[in-house]
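Novice: Sharing a structure with you now.
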Amino acid sequence: MNRLNGCIALVTGAGRGIGAAIALSYAQEGAAVVVADLDEANANAVADRVRALGVRADAVTVDVREPAQTAAMFHRVVERFGRLDLLVNNAGVIRVRSLLDTTPEDWDFVQSVNARGLFFTLQAGARHMLKQSPLAQGRPCGKIINIASIAGRSGRAMLGAYSASKATAINITQTAALELAPKLTVNSICPGAVDTDMWKQIDREWSEHERRPAGSVWEDRIRGIPMKRPEAPQDLTGMAVFLASADSDYITGQSYNVDGGLVMG
Ligand SMILES: NC(=O)c1ccc[n+]([C@@H]2O[C@H](COP(=O)([O-])OP(=O)(O)OC[C@H]3O[C@@H](n4cnc5c(N)ncnc54)[C@H](O)[C@@H]3O)[C@@H](O)[C@H]2O)c1
20 MNRLNGCIAL
30 VTGAGRGIGA
40 AIALSYAQEG
50 AAVVVADLDE
60 ANANAVADRV
70 RALGVRADAV
80 TVDVREPAQT
90 AAMFHRVVER
100 FGRLDLLVNN
110 AGVIRVRSLL
120 DTTPEDWDFV
130 QSVNARGLFF
140 TLQAGARHML
150 KQSPLAQGRP
160 CGKIINIASI
170 AGRSGRAMLG
180 AYSASKATAI
190 NITQTAALEL
200 APKLTVNSIC
210 PGAVDTDMWK
220 QIDREWSEHE
230 RRPAGSVWED
240 RIRGIPMKRP
250 EAPQDLTGMA
260 VFLASADSDY
270 ITGQSYNVDG
280 GLVMG
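Residues in the sequence shown are numbered consecutively from 20, following the working numbering.
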């Protein structure tokens with residue numbers, strides 16, 4: 020398929036997990052992909068896999084908590100590739116803590132990546148997109164996709180800082196959609212319980228807190244999924260490609276649950 024032919028995409032946190040799956044799916048659709056991550060080795064490895072699919076790729080080591088770094092990253096992308104069509108703000112972190120145990124440092128760490136980092140990465144990417152012409156007459160000049168979470172839809176026990184940061188991501192999506200329309204579209208995806216390193220950390224921290232066997236928190240969560248299986252990173256790529264493609268040009272400010280039915284309404 021070639022739904023993203025000619026597009027230049029940048030995915031943050033693409034060194035593994037959901038971000039890596041989205042980066043590879045964009046490459047399969049013909050986009051050149053910049054793989055941005057805090058982890059240099061992982062970013063390079065995914066960029067190699069992107070190149071193996073026959074499209075151009077770059078790996079960038081970046082900390083999305085640092086606006087100077089993200090601004091420099093976009094300058095490099097535009098210098099090298101000439102434009103930026105798709106930005107996926109996927110980099111994210113979590114800490115499993117009860118409300119009473121959450122420290123100011125826990126709070127700041129989670130917000131600094133998931134909320135503040137997302138906000139300023141979006142801002143820096145949008146500044147470049149707004150300066151360019153659309154790939155085709157009548158189309159938006161760029162598309163931004165934020166990876167939020169179903170945890171951002173309502174409060175979550177043991178995930179207070181994370182849940183608040185993801186509600187912020189959904190809210191930023193709406194503000195950005197309003198301010199940047201009609202030149203850019205901005206939407207978000209809310210994954211459910213995805214089988215990645217992040218969920219391994221959630222299970223470990225939660226099980227330790229409740230003195231339960233390792234793996235049992237994950238098993239309980241999976242049991243509650245209407246689709247009766249864990250979510251794989253690849254379950255998110257259909258929505259990520261749709262929101263990047265011309266098929267979604269009239270959609271902005273929306274947040275879509277892709278969660279096997281965990282959250283409805
Ligand atoms: N796994 C899930 O169940 C789940 C559910 C809902 C939402 N999400 C969200 O999806 C996104 C990806 O999650 P995942 O499960 O693939 O996580 P993951 O921990 O497997 O991968 C996250 C990636 O982000 C990178 N990263 C972290 N901090 C960074 C920073 N400051 N700068 C740049 N890169 C940074 C990490 O190096 C890593 O490669 C996150 O935003 C997460 O909150 C995940």
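Every residue gets a Cβ at the ideal spot worked out from N, C-alpha and C, and that includes glycine. Nothing here was measured: the structure is a model prediction, and the numbers come from that model.
1) Below 8 Å, how does it come out for the stretch 80 to 97 and the stretch 183 to 190: are there three or more Cβ pairs, yes or no?
2) Just to check, is the beta-carbon of G280 closer than 8 Å to a non-hydrogen atom of ligand 1?
3) I need the straight-line Cα distance from N206 to V69, nearest angstrom please.
4) When you compare each of A143, Y45, F93 to L72 by their alpha carbons, which one comes out closest?
5) Below 9 Å between beta carbons: does that hold for G49 and V107?
6) Who does V79 pair with in a DSSP beta bridge?
7) Is the stretch 119 to 133 in contact with the stretch 233 to 244, if contact means three or more CB pairs nearer than 8 Å?
8) Could you please give the first and the last residue of the uninterrupted alpha helix (DSSP H) stretch that includes G179?
9) What I want to know is whether the C-beta of Q220 ends up closer than 8 Å to one or more non-hydrogen atoms of ligand 1.
10) Answer yes or no: do L281 and I270 have a C-beta to C-beta separation smaller than 9 Å?
11) By how many angstroms is the C-alpha of Q47 removed from the C-alpha of N133?
12) Measuring CA to CA, which of A66, S182, H94, I208 is closest to A42?
13) Do the stretch 146 to 153 and the stretch 167 to 177 touch if we need at least three Cβ pairs shorter than 8 Å?
14) Taking C-alpha atoms, which residue in R114, A62, C26, M92 lies nearest to V74?
15) Let me confirm a value: T194 is counted as buried when at least 16 other C-beta atoms fall within 10 Å, else exposed. Which label applies?
16) Could you round the C-beta distance between L255 and P201 to whole angstroms and report it? I think they count as a contact, below 8 Å.
Specialist: Walking through what the data contain:
1) no
2) Start at 1 with the first residue of the sequence shown, and residue 280 comes out as number 261. No, ligand 1 has no heavy atom inside 8 Å of this Cβ.
3) In the sequence shown, the residue the question calls residue 206 occupies position 187. In the sequence shown, the residue the question calls residue 69 occupies position 50. Between the alpha carbons of N206 and V69 lies a distance of about 24 Å.
4) Taking the first residue of the sequence shown as position 1, residue 72 is located at position 53. Ranking the options by Cα distance to L72, first place goes to Y45.
5) Against the sequence shown, residue 49 aligns to sequence position 30. Against the sequence shown, residue 107 aligns to sequence position 88. Cβ distance not < 9 Å, so G49 and V107 don't count as in contact.
6) Start at 1 with the first residue of the sequence shown, and residue 79 comes out as number 60. Paired residue(s): A55.
7) no
8) Mapped onto the sequence shown, residue 179 falls at position 160. Segment 179 to 199, the alpha helix (DSSP H) holding G179.
9) Against the sequence shown, residue 220 aligns to sequence position 201. Yes, the beta carbon of Q220 sits closer than 8 Å to at least one heavy atom of ligand 1.
10) Position 262 of the sequence shown, counting from 1, holds the residue named residue 281. Position 251 of the sequence shown, counting from 1, holds the residue named residue 270. Cβ atoms of L281 and I270: not closer than 9 Å.
11) Walking along the sequence shown from the start, residue 133 turns up at place 114. Walking along the sequence shown from the start, residue 47 turns up at place 28. For N133 and Q47, the distance between alpha carbons rounds to 27 Å.
12) Translated into positions along the sequence shown, residue 42 becomes position 23. Residue A66 is the option with its Cα nearest to A42.
13) Contact between the stretch 146 to 153 and the stretch 167 to 177 is absent, because fewer than three Cβ pairs lie under 8 Å.
14) On the sequence shown, position 55 is the one that residue 74 refers to. The option with the nearest alpha carbon to V74 is C26.
15) Position 175 of the sequence shown, counted from the first residue, corresponds to residue 194. Exposed, by the Cβ-count rule.
16) Residue 255 sits at position 236 when you count from the first residue of the sequence shown. Residue 201 sits at position 182 when you count from the first residue of the sequence shown. Between L255 and P201 the beta-carbon gap is near 26 Å, outside 8 Å, which marks them as no contact.
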